[in-house]
Amino acid sequence: LSIGTGRFSLLLGITTAAMCLGCTFSSAIGAVLAEDFGYDIAFNVLGLIALVPAFVCLFHMPETLPAYVRPKKRKKRRRKLADILKMLNLGAGDSPPAATNAYQPSPTPKQFELV
79 LSIGTGRFSL LLGITTAAMC LGCTFSSAIG AVLAEDFGYD IAFNVLGLIA LVPAFVCLFH
139 MPETLPAYVR PKKRKKRRRK LADILKMLNL GAGDSPPAAT NAYQPSPTPK QFELV
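Mapped onto the working numbering, the consecutive letters of the sequence shown carry residue numbers 79 to 193.
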């Protein structure tokens, strides 16, 4: 962000100050919320607050990796259902392999008949 501006140290100081203020205020806010509403609410509120900078960095930070180092985008190939079935050996008209049952119950003993 600060390439070519000569303001790297200023940006580093602002970032460090923001992190320190975040730690200070999150402790205070978390204590108040936990005391008044319980730990679940405090955890959820602080988690939602933490998502804001995460999304800002994710969607608004510019890419700094040079273009020659970036991996090339590959075209995703969508597989057809028939291809997936062939991979699973369940092609059209084929039936799935029969399940083998390792447990074979012994036949019940015949009862004696009166002759």
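Just so you know, even glycine gets a beta-carbon here, dropped at the ideal spot from N, CA and C.
query                                                                                                              : result
Through-space distance from lysine 164 to cysteine 135, alpha-carbon basis                                         : 43 Å
Limits of the alpha helix (DSSP H) - the one that valine 130 falls within                                          : 117 to 138
Outcome for alanine 145 when other beta-carbon atoms lying within 10 angstroms are tallied against a minimum of 16 : exposed
Per-residue DSSP class, three states only, for threonine 83                                                        : coil
For leucine 159, the first and last residue of its enclosing alpha helix (DSSP H)                                  : 159 to 165
Cβ separation of leucine 124 and glycine 108, assumed to be a contact under 8 Å, to the nearest whole Å            : 6 Å
Alanine 120, buried or exposed, once every other Cβ within 10 Å from all chains shown has been counted against 16  : buried
Simplified DSSP assignment, three categories, for leucine 143                                                      : coil
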